[in-house]
Amino acid sequence: MRFAADRMLGKLAKWLRILGYDTLYSRSLATDEFLGLANEGRILLSRNTRLVGKAAPDRLIFVEANDPKVQVRSVVRLLGLEPDPDKFFSRCTACNGLLDPAEPQDVIERVPDHIWARHNSFSECKACGKVYWEGSHIERSRLEIQRLLEE
Ligand SMILES: [Zn+2]
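Numbered by this note's numbering, the letters in the sequence shown go through residues -15 to 135 in order.
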């Protein structure tokens, strides 16, 4: 399942990426471009009431909640998603790119010294080069993600 989130849903997009879902998000996308993403097989997520009816009902989800966590839960429930823990943290929260494992030596220039000294396991975004390590992706643990989904 792939998504595109409108400009008001940046945090929801981030969460979906954390869960491993391919989620496009751009603040500069025009409405027509956004709607066109449905034709590329993406489910559109929007808070814009004006878009309701402009895409096939099974292609557009109008997100009512304000709280990003409630938004995530409602999308997961509505679509009957079963997020795969093996895919958690597999995408860059900044750009949606896929992450690859990286050698500590290769990322030394891109992480703070104290982080580099304390961690052995790094990954980097193949698209934008952003470096991640355990605990950097978000301040939340896998356990908290599970809890979020179960609430
Ligand atoms: Zn990236």
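Backbone N, C-alpha and C fix where the C-beta goes; we use that ideal spot for every residue, glycine too.
Kindly indicate the opening and closing residues of the beta strand (DSSP E) around residue i.
{"i": "residue 91", "result": "Taken as a continuous stretch (DSSP letters only), residue 91 belongs to no beta strand (DSSP E), being part of the alpha helix (DSSP H) at 88 to 91."}
{"i": "residue 135", "result": "First-last for residue 135: undefined, no H or E at that position."}
{"i": "residue 26", "result": "26 to 30"}
{"i": "residue 107", "result": "106 to 109"}
{"i": "residue 44", "result": "44 to 46"}
{"i": "residue 8", "result": "7 to 9"}
With a 10 Å radius around its C-beta and 16 neighbouring C-beta atoms as the bar for buried, classify residue i as buried or exposed.
{"i": "residue 128", "result": "exposed"}
{"i": "residue -7", "result": "buried"}
{"i": "residue 118", "result": "exposed"}
{"i": "residue 80", "result": "buried"}
{"i": "residue 108", "result": "buried"}
{"i": "residue 12", "result": "exposed"}
{"i": "residue 30", "result": "buried"}
{"i": "residue 126", "result": "exposed"}
{"i": "residue 39", "result": "buried"}
From residue i to residue j, what distance separates their C-alpha atoms?
{"i": "residue 82", "j": "residue 8", "result": "13 Å"}
{"i": "residue 46", "j": "residue -3", "result": "14 Å"}
{"i": "residue 101", "j": "residue 111", "result": "25 Å"}
{"i": "residue -10", "j": "residue 74", "result": "22 Å"}
{"i": "residue 132", "j": "residue 67", "result": "12 Å"}
{"i": "residue 35", "j": "residue 135", "result": "29 Å"}
{"i": "residue 26", "j": "residue 51", "result": "23 Å"}
{"i": "residue 63", "j": "residue 54", "result": "14 Å"}
{"i": "residue 116", "j": "residue 95", "result": "9 Å"}
{"i": "residue 77", "j": "residue 3", "result": "10 Å"}
For the alpha helix (DSSP H) that residue i lies in, which residues bound it at each end?
{"i": "residue 101", "result": "97 to 102"}
{"i": "residue -5", "result": "-6 to 2"}
{"i": "residue 51", "result": "Taken as a continuous stretch (DSSP letters only), residue 51 belongs to no alpha helix (DSSP H), as it is neither H nor E."}
So for residue i, helix, strand or coil by DSSP?
{"i": "residue 69", "result": "helix"}
{"i": "residue -14", "result": "strand"}
{"i": "residue 77", "result": "coil"}
{"i": "residue 115", "result": "strand"}
{"i": "residue 13", "result": "coil"}
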